[in-house]
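Here the structure is laid out as structure tokens; the discussion comes afterwards.
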Amino acid sequence: MRSPERERRRTDYLADADDWEAVGRVHGEVFATVRPAATMLVVGLLDPRKRVEIEAVAHVA
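Under full-length UniProt numbering, the letters of the sequence shown match residues 1 to 61, in that order.
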């Protein structure tokens, strides 16, 4: 099961800058009580079917 409080850092890579509000809204819902360091970048993704790629670093004890 996913545990948002374990996440320490994430980077969201967006293929289209127009998606930033929707991605930010979901991020706010998932991380309503915790705030990992976060970066959002607009990039060219290799697979044109993909709109968002997420890289996350979590703490696991």
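Beta carbons are placed, not taken as given, at the ideal position from N, Cα and C, and that holds for glycine.
Contact check for V42 and L14: beta-carbon distance about 5 Å, within the 8 Å limit, so the pair qualifies.
The distance from the Cβ of H59 to that of R6 is about 5 Å, consistent with a contact at the 8 Å cut-off. Non-local beta-carbon contacts of R8 in its own chain, meaning distances under 8 Å to residues more than five positions away in sequence, involve P36, A37, V57, A58 and H59 in chain order. DSSP, read as helix, strand or coil, puts A58 in strand. If the five residues before and after W20 are omitted, its C-beta is found closer than 7 Å to the C-beta atoms of L14 and M40, all from its own chain and listed in chain order.
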